[in-house]
Every structure is written in C-alpha cells, then in structure tokens.
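Asker:
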Amino acid sequence: MNNLSSYSYNSFFSHIYVEKDAMAHPNTGKILSRFPRAVCIEINHYKDVFCRGHQNYLLQKKSPSLILAVKRNTYVYEGAPVCQSFGNRHFYYTSSVMNCFYDCEYCYLQGMYPSANIVIFVNLEDIFLETEKLLKKFPVYLCISYDTDLLAFENILEYVKKWQAFAESRPDLTVELRTKSANLGILNQLTPLDNFIFAWTLSPDVIQRAYEHHTPSFEERISCIEKALDKGLRVRLCFDPLICRKDWQSLYADMIRTAFQRLPADKINDVSLGVFRVSRDYLKQMRKQRPDSAIIQYPYENDRGVCHYGRKLSQEMISYTYNLVKEFIPEKNIYVWKETS
Amino acid sequence: MILITTALYCEALPLIQYFHLKKDTAFAKFQVFKNEDIVLLITKTGTVQAAIGTASLCSLITPTLRDIFLNLGVCGSSREDDPAGSIFLCNKIMDLETMRCFYPDILFAHPFKERWVLTSPKVINTDGHQISLPPLTGGRPISPMPYLIDMEASGLYQAASYFYQPHQMFFLKVVSDYLMNTDITPDKITGLIQKNIDLVMEWISQVQDELSKIRPVFTMEEEKYTVKLTEALQLSSSMELKLRQLLKYSKLKEGSFTDRIRDFMADKTLPCKTKSEGKKYFEQLKQLFL
Chain C
0 MNNLSSYSYN SFFSHIYVEK DAMAHPNTGK ILSRFPRAVC IEINHYKDVF
50 CRGHQNYLLQ KKSPSLILAV KRNTYVYEGA PVCQSFGNRH FYYTSSVMNC
100 FYDCEYCYLQ GMYPSANIVI FVNLEDIFLE TEKLLKKFPV YLCISYDTDL
150 LAFENILEYV KKWQAFAESR PDLTVELRTK SANLGILNQL TPLDNFIFAW
200 TLSPDVIQRA YEHHTPSFEE RISCIEKALD KGLRVRLCFD PLICRKDWQS
250 LYADMIRTAF QRLPADKIND VSLGVFRVSR DYLKQMRKQR PDSAIIQYPY
300 ENDRGVCHYG RKLSQEMISY TYNLVKEFIP EKNIYVWKET S
Chain V
0 MILITTALYC EALPLIQYFH LKKDTAFAKF QVFKNEDIVL LITKTGTVQA
50 AIGTASLCSL ITPTLRDIFL NLGVCGSSRE DDPAGSIFLC NKIMDLETMR
100 CFYPDILFAH PFKERWVLTS PKVINTDGHQ ISLPPLTGGR PISPMPYLID
150 MEASGLYQAA SYFYQPHQMF FLKVVSDYLM NTDITPDKIT GLIQKNIDLV
200 MEWISQVQDE LSKIRPVFTM EEEKYTVKLT EALQLSSSME LKLRQLLKYS
250 KLKEGSFTDR IRDFMADKTL PCKTKSEGKK YFEQLKQLFL
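From first to last, the protein sequence lines are chains C and V. Mapping the first sequence onto numbering that gives the first Met the number 0, position 10 (from 1) lands on 9, and the numbers just tick up by one. Mapping the second sequence onto numbering that gives the first Met the number 0, position 110 (from 1) lands on 109, and the numbers just tick up by one.
#1: Spatial neighbours of L228 (chain V) within its chain, please: C-beta separation below 6 Å, excluding the five flanking residues on both sides.
#2: Report the neighbours of L58 (chain C) on chain V: residues whose CB is nearer than 7 Å to its CB, in chain order.
#3: Sorted by chain position, which residues of the same chain lie with C-beta nearer than 6 Å to C50 (chain C)'s C-beta, five sequence neighbours on each side aside?
#4: Go ahead and pull the three-state DSSP assignment for N154 (chain C).
#5: Measuring CB to CB, does T61 (chain V) end up less than 8 Å from T118 (chain V)?
#6: Please confirm if V121 (chain C) has its CB atom under 8 Å from at least one CB of chain V.
#7: Are there 16 or more other CB atoms within 10 angstroms of the CB of V122 (chain V), so buried, or fewer, so exposed?
#8: Between the C-alpha atoms of R235 (chain C) and I328 (chain C), what's the straight-line distance to the nearest angstrom?
#9: With respect to the beta strand (DSSP E) encompassing F90 (chain C), which residues constitute its N-terminal and C-terminal limits?
#10: Helix, strand or coil for V75 (chain C), going by three-state DSSP, please let me know.
#11: For L198 (chain V), report the span of its beta strand (DSSP E) as first-last.
#12: Using three-state DSSP, classify I260 (chain V) as helix, strand or coil.
#13: M22 (chain C): which of C:P63, C:K46, C:G52, C:A68 sits nearest, CA to CA?
#14: Mind pulling the chain C residues with CB within less than 9 Å of S160 (chain V)?
#15: Residue ranges of each beta strand (DSSP E) run of no fewer than 3 residues wholly in the stretch 119–186 of chain C, ordered along the chain?
#16: Going along the chain, which residues of the stretch 236–257 of chain V sit with their C-beta nearer than 7 Å to a C-beta in chain C?
#17: Does any CB atom of chain C fall closer than 8 Å to the CB of G137 (chain V)?
#18: For C89 (chain V), would you say it is in contact with chain C, using Cβ-to-Cβ distances shorter than 8 Å as the test?
#19: What is the DSSP secondary structure of A25 (chain V), reduced to helix, strand or coil?
#20: Taking C-alpha atoms, which residue in C:L128, C:I66, C:K60 lies nearest to N72 (chain C)?
#21: Classify A198 (chain C) as helix, strand or coil using the three-state DSSP reduction.
#22: Within 8 Å of any Cβ in chain C, is that where the Cβ of V216 (chain V) sits?
#23: Along chain V, in chain order, which residues have C-beta atoms closer than 7 Å to that of N301 (chain C)?
#24: Taking the CB atoms as reference points, tell me whether H14 (chain C) and D102 (chain C) lie closer together than 8 Å.
#25: Exposed or buried, D356 (chain C), counting other C-beta atoms within 10 Å across all chains shown (16 or more means buried)?
#26: What is the DSSP secondary structure of H307 (chain C), counted as helix, strand or coil?
#27: Of all the CB atoms in chain C, is at least one closer than 8 Å to the CB of E209 (chain V)?
#28: Since C9 (chain V) meets chain C, which of its residues come closer than 8 Å, beta carbon to beta carbon?
#29: Taking beta-carbon pairs under 9 Å, can you tell me which members of the stretch 25–52 of chain C lie near chain V?
#30: Kindly give me the distance between the Cβ atoms of A108 (chain V) and Y8 (chain C), rounded to whole angstroms, as I take these residues to be in contact under 8 Å.
#31: Roughly how many whole angstroms lie between the Cα atoms of N98 (chain C) and L178 (chain V)?
#32: Based on Cα-Cα distance, which residue from C:F238, C:Q288, C:P263, C:Y140 lies nearest to D253 (chain C)?
#33: From E124 (chain C) to P80 (chain C), what distance separates their C-alpha atoms?
#34: Please classify N55 (chain C): is it buried, with 16 or more other beta-carbons within 10 angstroms of its beta-carbon, or exposed?
#35: For a cutoff of 8 Å on Cβ pairs, would you count K296 (chain C) as touching chain V?
#36: Just to confirm my understanding: we take I185 (chain C), look at its own chain, exclude 5 residues before and 5 after, and list those with CB closer than 8 Å. What are they?
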C-alpha cells in the first residue's frame, strides 16, 4: 500500500466515543474538556466500536478516535513470556489505555488489537484496588505502559502522576513505565521514587525516522532522559527491539556510544536488550494491516510460535550490542530477552 | 468504484442525471444504473430490501479497498429547526427493531454536520408526539443528541460491512420531514437531493482520490513472475507462501524484482525435476533477496 497523504483526514481525536457507564466518571469529564471541538458519540460498550470487523488499522492511525470506557472483570494480568521480567518473580502488567499515540511500524499492538482507535479506561481506581489485593499476597513488579505510552498521554490523562502517588506509599510495588516520550514539561511534575522505573526505549536515528512515526527523535529522548536523571528519577534504557538492517552494527554502535557519552552510566538503573520478536499470530495480522512495511514483511523465522530473525542472527545482534553496553554498565545490570525467559 | 444506494427512484434521479447513468438490465430484481465508475442501486424501502440489494450486488461486483459505499437519501429529523434539505453525515446508526448500533468510521475531513440516525422498520408518524426511544444519554457530559430517522441505514450497514471496511461506508441523509404528516412528494424529494448533489459528489471524489492511492504491493507483472517462478520450482503451497513473503520484502526494500527473477531463472534448468531441487533453488533465492 502506498503512503497516503494526510491532508484530507480528520485530526487526531476528532471523534470521541463514550461508554454510557463511563459518562458520569470524573475522568471522562476531564478528558472531554481537553477536546472541546470533538464530536462525542455515546456507545453501550467499547467493543461495539473497538472490535468491529474489517477495520483498517493503517488508515485509522491517520485519524485515531478516543474511546472512553470502564474496565471490567480483569484489571491486572500476568506478564507475557515475550516480555522481559527483569528477574522479578511476580511480574504483572496492566492496561489502563489500549493503543498508542505513536505509530511504530514494528509494534505488536497492530497485531493484538483490531483497531487503531485508543481506548482509555477511566476507572483507574479499580486497577489500584486489584493491585492492592495482589500486594497483600506478595511484592509485585507491575508494568503499566506496555500496550500504550502513558507518558505521551500525560497531558491528557495525568495517569502517571496518579500511579506515582499510588506507588509512593507501597514499597512492595515496583512500577515500570515504558516510554518513547520526550515530554520535558511533564518531568517537573514527577517525583523521584525508588520503586518507580522510567524505561526509555532508544532507537538509532535512522530507525526512528523510518519506522517510529510521530515519536520524538533520539536526540529529544536523550535530552529528556538527561533531565530525568538530573531530577533523580530511576531510569532504565531499553535497546529493544533491535532492528536488523545491512548496517545494523554501525547504527547500534553509534547510538549506544552516543547515549553513554551523554548520559552518566553510573546513574542508569539497568539496560534491557532484545531483538525484534513477535508472536506468529500477531505477525500474521500485522502483515495484513501493514502490507507496505518492509520491517513487517521481513521473512522472519518462526520459532515455536515466536517469529524473529533466527537464532544465529538474533544471537549475533544481542552479543554485539551486549559487548557495547557492558563497556558502560555492569553486566549484572544488563538484561537480555531470551526465548526461554 | 462508488456504489451508491438510494431507497427510491426519486432519490436516485438527480444522481442518474448528474452522472449520465444507464440502466443495467442484467439485474432483474433491483433497478441498477451504471457508468464506468459508479453503480447506483435502488433498494426500495426497508432494511431487509436494502440488505438484500446491497449483498446481492456486492457479491457480483466485489468491492476493493479503493472503493466507496455511499447511501444517499432523505430522512426525518427530530429537530424542526433543521431546514428541509439539510444534509448530515451519520456517525452512528441504531436499528430500532434490534436496538443494535453500528458505527461507520469518520476518518476523512468533511463539510457536513454529523448526526446519528435511527433506522425504523416502519414509517414514523408522530404527529407532534415524541417517538418512544431508549434513554439516549444520561445527559452528562454529552447533552441529549438530536436524531434522524430513516428506514434503511442499519440494513445497508450490516450487509455492506461484509464487503467494505468501516471507513469506506458513508451514510448521508437529507432532511425531508419532521416525523409528522407532511405533503412530501417525489418531486420535492428529488429537489432536496438535487440541492446537495454537488457538495456530496465533490467530497466523495476527494475521498475516492485518497483511497485510489492504495495499491497492492505486487504489480500485475510481478504477480505473473511470482506464479511463473512458483511453478518452475515446483513449490508446495507453504513454500509458495514463503516465496511470496520473501519477494514482498524484497520489493519493499529494493523495488521491483522481475529482472532479478528473470536472471535467476535464465541461469537454471527449469522447471525443476524434483521437489528437493526446487527447495535448493529456493534457498539460493533467499541468499539473493535477503
């Protein structure tokens, strides 16, 4: 599919669908007040819009709608095997938002969800309650920004601040917030906490420009991380996913060296490394949704239901980047995603 | 291609004249008018007729991702201050019989006001009384919305959604009455549609320009080469899928692959005599294209 120009598309969030049950929630009012010109459409259940058949993810990405909904039944999930647990025994994740403001071509969300519209669950308090129940049983490592980028939405939602306030008085809870955001203004409003990790994903400039649409550049992300470290926030760097190109070695070598020239390595909590991998079922859907993306159409090897570059190339990429990172970061603080993990 | 549906001939008439459409007599059960780019279907009134007409036509002329489904017709309005002839793009369709709701995607910027439409199984004539509806909103934070009433939209949406994606379907409704006994005539309906036709078709043509940019990854020639190579290498179905994946990646990365395939095939004694020979060549292709 050729790239479509965007002049004739509605602006982001020109339409906001609101579940009847979410109407009276205070978060709904706050979110709607950010979009006074949006067309609001009442719905019974978010799935009536989000799970319609035959939606075009790629075109919806040009003009995504918001769906405000109430999360029901399950609030916190066990971590998936394709995700890095960082050695934590009780590894969980939660989705207060489904889908992302950014449009990364390699993102598994386009294989996981039938729509590019963004669902915001307004009842964050119910997720807190569920987390509280888990914390009564054992310490919890909770990723709160897997299926979205919460920091990128902070101007609208202020969920990160709420999570920080929740985590502050619960030392048995460790929160990981993964992001590509470079929202410097927001950083001033965040509190340094020992149990709150800001995990920035970094990609070489060329990869960012080619595949991570609408995301801040490498330079912008680095500047934001510098400020976060100055402020005393706990920072994790994620060189994940590593993307293969003919020049991947020089690209990643340059990026990793530049990152550690700019950032004080002794202040970095840890580093995560992982090659691009995705479940076979998600990849199938991603290929359908994004027929014009070389990164998605690469003939990956299917290794027991997980598609990646193949063991040899994957190991080569990991080992190469690992050796680069270990020049700056103690090996005990470098986490590598392995197929068996 | 644009598939336009109207319920009545008097709604279709301005479109037939605007596009110089000719009647296609091959369709016996419904009136169909066509030119090269447009097919106009007159469904008659009611959701079932609308769904049957749409499904039968779409089964014969299978729509692609570049095509558009447009329903243009008159409707009633709950607001008497909507001037007759006001046109609305529907962002929600509620079937009053089943109470199910349907949501076309509104991805493209447009010059219309938006409204939701209730599809009724029978003619609504309230004579000034409000019709009985489910609670439309809790009143907060969205104020109660005015609505339109028609008799086809939900049937059309349900049938068309088998063939079109939600962003390819457009429901444009022109206000003709206010749910009371009126002296609406076929001529007046034709006039109301006529009044909006320039605006509608100018916008639809812009949408069509956008959608026409969607192209399959392989050109016809590349598709031909892919089939030729598959046959020459005697590939199984699963190997063929792998080959297609490899070629698709190569096309996106390096551009057309036909020359490279031609050279590759010229260099070999083809067709392969055994499957294992085909597999060996496939591995060579992988080295060449990755």
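In this text, a Cβ means the ideal position worked out from N, Cα and C, and glycines have one as well. All figures in this text were calculated on a predicted structure; none of them were measured in a lab.
Answerer: Here's the rundown:
#1: I260, listed in sequence order.
#2: In chain order: L106, H166.
#3: Around C50 (chain C): P113.
#4: Note: N154 (chain C) maps to helix in three-state DSSP.
#5: Not closer than 8 Å, so no.
#6: With 8 Å as the cut-off, V121 (chain C) does not count as an interface residue toward chain V.
#7: Label assigned to V122 (chain V): exposed.
#8: The C-alpha of I328 (chain C) is placed about 11 Å away from the C-alpha of R235 (chain C).
#9: Counting along the chain, the beta strand (DSSP E) containing F90 (chain C) begins and ends at 90–92.
#10: In the structure shown, the three-state DSSP call for V75 (chain C) is coil.
#11: Not the beta strand (DSSP E): L198 (chain V) falls in the alpha helix (DSSP H), residues 185–210.
#12: Residue state, collapsed to three classes: helix.
#13: The residue with the shortest Cα to Cα distance from M22 (chain C) is C:A68.
#14: Per Cβ cutoff of 9 Å: R51, G52, H53.
#15: Restricting attention to beta strand (DSSP E) runs no shorter than 3 residues, the stretch 119–186 of chain C encloses them at 139–142, 172–178, ordered along the chain.
#16: If the cut-off is 7 Å between Cβ atoms, the stretch 236–257 of chain V has K241, Q244, L245, K247, Y248, L251, K252 near chain C.
#17: With a pLDDT of 41 at G137 (chain V), under the threshold of 50, the modelled position of that residue is not reliable, and the figure given next carries that caveat. Closer than 8 Å: yes.
#18: No, its Cβ sits nowhere closer than 8 Å to a Cβ of chain C.
#19: In this structure, A25 (chain V) counts as coil in the three-state DSSP scheme.
#20: Residue C:L128 is the option with its Cα nearest to N72 (chain C).
#21: For A198 (chain C), the secondary structure class from DSSP, reduced to helix, strand or coil, is strand.
#22: Taking Cβ atoms only, chain C reaches closer than 8 Å to V216 (chain V), which makes this a yes.
#23: Going along chain V, no residue has its Cβ under 7 Å from N301 (chain C), so there is no contact; the nearest lies around 10 Å.
#24: For H14 (chain C) and D102 (chain C), no; Cβs fall outside 8 Å.
#25: Outside the displayed span of chain C (0 to 340) sits residue 356 (chain C), for which this structure offers no information.
#26: In the structure shown, H307 (chain C) sits in a strand (DSSP, three-state: E or B).
#27: Yes, because at least one Cβ of chain C sits closer than 8 Å to the Cβ of E209 (chain V).
#28: None at all; the shortest Cβ gap to chain C is about 31 Å.
#29: Residues are counted here when their Cβ sits less than 9 Å from a Cβ of chain V; for the stretch 25–52 of chain C these are T27, G28, L31, S32, V38, C39, I40, E41, I42, N43, D47, V48, R51, G52, given in chain order.
#30: Contact check for A108 (chain V) and Y8 (chain C): beta-carbon distance about 6 Å, within the 8 Å limit, so the pair qualifies.
#31: One alpha carbon belongs to N98 (chain C), the other to L178 (chain V), and they sit about 42 Å apart.
#32: Among C:F238, C:Q288, C:P263, C:Y140, the Cα nearest to that of D253 (chain C) is on C:F238.
#33: Roughly 27 Å separates the two Cα atoms.
#34: A buried status is given to N55 (chain C), since no fewer than 16 other beta-carbon atoms sit within 10 Å of its beta-carbon.
#35: Looking at the sequence provided, one finds Gln at residue 296 (chain C) rather than Lys. Chain V, which has a Cβ nearer than 8 Å to the Cβ of Q296 (chain C), makes this yes.
#36: Residues L150, E153, N154, V159 of the same chain have their beta carbon placed closer than 8 Å to that of I185 (chain C), with the five preceding and five following residues left out of the count.
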